[in-house]
Structures are given as C-alpha cells and as structure tokens.
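Before any comments, here is the structure.
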Amino acid sequence: MAVLPQSMLWRRLDTAGTDHALLRERSGLYARGTMVAAEPVPHTCGYELVVDEGWVSVRLAVTAEGAGWWRSVKLERAAGRWRVTASEQGDLDAAGQPRSALPGIEDPELLRDALDVDLAYCPLTNTPPVRRLGLLHARPGTASTLVVAWVRVPSLEVVAARQTYTALGGNRVRYEDDSFAADLTLDDSGYVVAYPGLAARA
335 MAVLPQSMLW RRLDTAGTDH ALLRERSGLY ARGTMVAAEP VPHTCGYELV VDEGWVSVRL
395 AVTAEGAGWW RSVKLERAAG RWRVTASEQG DLDAAGQPRS ALPGIEDPEL LRDALDVDLA
455 YCPLTNTPPV RRLGLLHARP GTASTLVVAW VRVPSLEVVA ARQTYTALGG NRVRYEDDSF
515 AADLTLDDSG YVVAYPGLAA RA
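Heads up, the sequence shown is in my numbering, so the first residue is 335 and it goes up one at a time.
So this is what it looks like as structure tokens:
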C-alpha cells in the first residue's frame, strides 16, 4: 500500500464523528479515507478516490459497516461510462436504520453525464469539481450546475443528483442541491476548511 504524503482531518458538526483522509496530488488526486459517525446508526466508512489530471473522478470504492451489517460499492468510469458494483452482508435495517435502499444503482446509464462522485458527509469530494471548474479564481457569481454520482451513507445507494457550485470570492464557494445550500470555505488548494452544518477541518 502506497504511503501518502498529506493528511486532512475533519470533525463532524451534525453528529459525533470524524473524517480522516490521506492523499497525494500527482497527475490528479489519489486519496484514502475513513469516516466514523454516530448517526443514523454507529458506523465506519472507508473510501478510496481516484481523480484524473483533468480533475474528473474515475474511481470511488466505499465500504461501510456497523453492528450486524456490511456494505460496499465501487464506481469506475471508463470511456465516458460508469460501471457500478455493490455487495452487502447482514441487515442494516435491523441495526436501527429506517428501511434503506440497496447499495449501488439499478441503471448506471443514469450517471452518464456525471464527471464527479459525491460521497455523503465527505468534504474531500467537493474538491474535484471546484478544481476542475476553476472556482477558486473565478469571478464571483460564476456558477456551474452538474450531474454527480451521489453515494448515500450508510446505505451506499448511488443516485444521479444535480448540484450547483457558485464562486463567491475570497476562497468561498456556494454548494446547492435540491434541498440544501452551504457556503464552503476552502484553502488555497481547494480543500474544504469549513462546511457549515456538516464539518470543520481540525
């Protein structure tokens, strides 16, 4: 396993939890991370993210587990198409989670326009679209609406979701989806420092 030179730790603001990522920028981004959270049921979530030199996501592998259950999903993009594989053991519903969807997605073609993956509660996955779109240095008000492959946690259901990023200036970018909006504060490399209501860098 490769030794990675950078480390980032976020503290969850909405529940007891953390997200620790190790990463390397070289012709894109490679990262491994572990999220731990108390809600909606106590669980850990390990992930591996690969982003190419154009800051397009090409691979995300995720494993989530808690008492009596385990789930995994892998998304891989090649030749403009996504391949999604998933598996599970045990019963997440029995662990206290309201009835959850199966991991993965029935029709990966719904993701055909997605260049990004968004792992729920993981601030790291906001960085690739910010970098690709040049939003750190864009004129305030510059906005882009994207289709992303959104991975829900802890179910690991994959959904094609529409999101909008708007440059605000001063290392700030507004994130919006159908039901949520937040003004993110980023460092000079485009990594989240503060995500109101969700996470803050330690």
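For every residue, glycine included, the Cβ atom is placed at its ideal position computed from N, Cα and C.
Euclidean distance between Cα positions of residue i and residue j
i, j, result
"Arg-486", "Val-492", "6 Å"
"Cys-456", "Ala-371", "11 Å"
"Val-527", "Arg-496", "23 Å"
"Tyr-381", "Val-396", "4 Å"
"Leu-357", "Asp-425", "32 Å"
"Leu-444", "Trp-389", "21 Å"
"Pro-462", "Ala-401", "33 Å"
"Asp-511", "Trp-484", "11 Å"
"Gly-351", "Ser-523", "24 Å"
"Asp-441", "Leu-490", "15 Å"
"Val-385", "His-471", "21 Å"
"Met-342", "Ser-478", "27 Å"
"Ala-327", "Ile-439", "The requested residue 327 does not occur in the structure, where the chain is confined to residues 335 to 536."
"Thr-519", "His-354", "18 Å"
"Ala-336", "Ala-494", "31 Å"
"Arg-417", "Glu-410", "5 Å"
"Asp-427", "Pro-374", "11 Å"
"His-377", "Asn-505", "32 Å"
"Ser-513", "Pro-437", "22 Å"
Residue(s) in a DSSP beta bridge with residue i
i, result
"Thr-500", "Ala-477 and Arg-508"
"Tyr-381", "Gly-367 and Val-396"
"Leu-357", "Gln-340 and Ala-365"
"Gly-438", "Glu-491"
"Thr-519", "Arg-506 and Ala-528"
"Glu-422", "Arg-405"
"Ala-483", "Val-451 and Ala-494"
"Gly-351", "Ala-371"
"Trp-416", "Arg-411"
Sequence-distant residues of its chain with Cβ nearer than 7 Å to residue i (five each side left out)
i, result
"Arg-415", "Arg-446"
"Arg-465", "Trp-389 and Gly-524"
"Asp-348", "Gly-531 and Leu-532"
"Ala-435", "Ser-489 and Glu-491"
Rounded distance between the beta-carbons of residue j and residue i, thought under 8 Å
i, j, result
"Ser-391", "Leu-469", "Not really, about 16 Å apart at Cβ, beyond 8 Å."
"Pro-530", "Ala-501", "17 Å between Cβ atoms; not a contact."
"Arg-346", "Ala-515", "The pair is not a contact, with the Cβ atoms about 19 Å apart (cut-off 8 Å)."
"Val-482", "Asp-452", "5 Å"
Cβ-based neighbour list, residue i, same chain, cut-off 8 Å, excluding 5 preceding and 5 following
i, result
"Trp-404", "Thr-397, Ala-398, Glu-422, Gln-423 and Gly-424"
"Leu-537", "No statement about residue 537 is possible, as the shown extent of the chain runs from 335 to 536 and does not include it."
"Leu-338", "Leu-356, Leu-357, Arg-358, Tyr-364, Ala-365 and Arg-366"
Same chain only: Cβ atoms within 6 Å of residue i, ignoring 5 sequence neighbours per side
i, result
"Leu-383", "Ala-365 and Leu-394"
"Gln-379", "In the sequence under discussion, the amino acid at residue 379 is Cys, which differs from the Gln named in the question. Met-369, Ala-398 and Val-487."
"Ala-419", "Reading off the sequence shown, one finds Thr at residue 419, where the question assumed Ala. Within the same chain, Thr-419 has close Cβ partners Lys-408."
"Thr-476", "Ala-501"
"Gln-340", "Leu-357"
"Arg-535", "Trp-344 and Val-527"
Near the ligand MN: residue i beta-carbon under 7 Å from a heavy atom
i, result
"Ser-391", "With respect to small molecules bound, the structure shown includes none, and the ligand MN cannot be examined in it."
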